[in-house]
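Peer 1:
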Amino acid sequence: MRKVTEKNLEVLYELLKGFEVALMTTVSREGLLLSRPMMAQEPIPDADLWFVTSLDTEKVRDIEVDPRLNLGYYRDSDKAWVSVSGKGRIERDSTRIKEMWKESWRIWFPEGPDDPDLVLIKVEVEHVIYWKPEAGKISVLFSLAKAYVTGQPPELDPPRSMDMRPQGKGEAHR
Numbered sequence: 065m066r067k068v069t070e071k072n073l074e075v076l077y078e079l080l081k082g083f084e085v086a087l088m089t090t091v092s093r094e095g096l097l098l099s100r101p102m103m104a105q106e107p108i109p110d111a112d113l114w115f116v117t118s119l120d121t122e123k124v125r126d127i128e129v130d131p132r133l134n135l136g137y138y139r140d141s142d143k144a145w146v147s148v149s150g151k152g153r154i155e156r157d158s159t160r161i162k163e164m165w166k167e168s169w170r171i172w173f174p175e176g177p178d179d180p181d182l183v184l185i186k187v188e189v190e191h192v193i194y195w196k197p198e199a200g201k202i203s204v205l206f207s208l209a210k211a212y213v214t215g216q217p218p219e220l221d222p223p224r225s226m227d228m229r230p231q232g233k234g235e236a237h238r
C-alpha cells in the first residue's frame, strides 16, 4: 500500500492549518468537474486527509466511478491557497466511524455514529501545489498596492509544489 513519508504529511498538515473548508472537486459520470464545500477534519491514521459525508450524494457516486479528486483551500486573511490532487475512497467501516465520531456531526446524522447514511471519504494525496506569503501579509498587500499604482505585475513568491507519490522526490520545490 502506498504511503507518503511522515515528513511530507507533516508539511502538508502544517500548510493546511487555519483552513476550515475545502472545495472538493470530483469528476461526474458525464465527465464534468463538480465542486462542493467540505469541512476540513483533523488528521487520522490510515488516511492522508479525510472528510465526512452522506452516502446518498453525487460526490460519493462520482468517487466510486472515478476516484480522482482535487481539494482547493483558500484563506482570505493572507491570500494563501493550497491545491491537493489525489484519489478518494469511500469508507464504511462502522468501527472506524465510531472511533472518529464527533457530536457536532449529529446535525447531519441524527442517528449518531450508527447512522446508515454516514460514510467517510479517505483521500490519498498525490500532489500538492501551494502559495503562502513568505514575507508576511503586509508585504503582500504592499506588493499588490504597488502593482495597482505602477500597472506592473505584483512581485510575489511563486507557488511551490510537492509530489507525494512514492516515485516523486516528495520535497517542496518551485
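Letter by letter, the sequence shown follows residues 65 to 238 in this note's numbering.
Each residue gets a CB set at the ideal place from its N, CA and C atoms; glycine is no exception.
Fair warning: this is a prediction, and the values are worked out from it, not measured in the lab.
(1) If you count every other CB in all the chains shown that lies within 10 Å of the CB of R238, and 16 or more means buried, which is it?
(2) Count the other CB atoms, across all protein chains shown, that sit within 10 Å of the CB of L182; report buried if there are 16 or more and exposed otherwise.
(3) Which partner residues of K151 appear in the DSSP bridge assignment?
(4) Would I193 pass as a contact of S147 if the rule is Cβ separation under 9 Å?
(5) For A297, name the three-state secondary structure that DSSP assigns.
(6) In chain order, what residues of the same chain lie with their CB nearer than 6 Å to the CB of W195, ignoring the 5 residues before and after it?
(7) Tell me the rounded alpha-carbon separation between E128 and I154.
(8) Using a threshold of 9 Å, state whether the C-beta atoms of F173 and S118 are closer than that.
(9) Classify K233: buried if its beta carbon has 16 or more other beta carbons within 10 angstroms, exposed otherwise.
(10) Would you mind sorting Y212 into buried or exposed? The rule is 16 or more other CB atoms within 10 Å of its CB.
Peer 2: In short, the structure shows the following:
(1) The residue labelled residue 238 in the question sits at position 174 within the sequence shown. Caution applies to R238, whose pLDDT of 45 falls short of 50 and renders its modelled position unreliable; the value that the coordinates give is listed next. Burial state of R238 is exposed, judged by a 10 Å Cβ sphere holding fewer than 16 other Cβ atoms.
(2) Within the sequence shown, residue 182 is the residue found at index 118, counting from 1. Buried, by the Cβ-count rule.
(3) The residue you call residue 151 lines up with position 87 of the sequence shown. Looking at the DSSP assignment, K151 forms a beta bridge with R132, E188.
(4) Position 129 of the sequence shown, counted from the start, is the residue given in the question as residue 193. Position 83 of the sequence shown, counted from the start, is the residue given in the question as residue 147. Cβ atoms of I193 and S147: closer than 9 Å.
(5) No answer is possible for residue 297: the residues shown for the chain start at 65 and end at 238.
(6) Here residue 195 corresponds to residue number 131 of the sequence shown, with the count starting at 1. Only W145, P223 meet the Cβ criterion.
(7) The residue labelled residue 128 in the question sits at position 64 within the sequence shown. The residue labelled residue 154 in the question sits at position 90 within the sequence shown. Cα to Cα, E128 sits roughly 7 Å from I154.
(8) The residue given as residue 173 occupies position 109 in the sequence shown. The residue given as residue 118 occupies position 54 in the sequence shown. Going by C-beta atoms, F173 is nearer than 9 Å to S118.
(9) Stepping through the sequence shown from its first residue, residue 233 is reached at position 169. Since pLDDT at K233 reaches only 47, below the 50 mark, its modelled position is unreliable, and the value read off the structure follows with that caveat. With fewer than 16 other Cβ atoms within 10 Å, it is exposed.
(10) Walking along the sequence shown from the start, residue 212 turns up at place 148. Flag for Y212 reads exposed.
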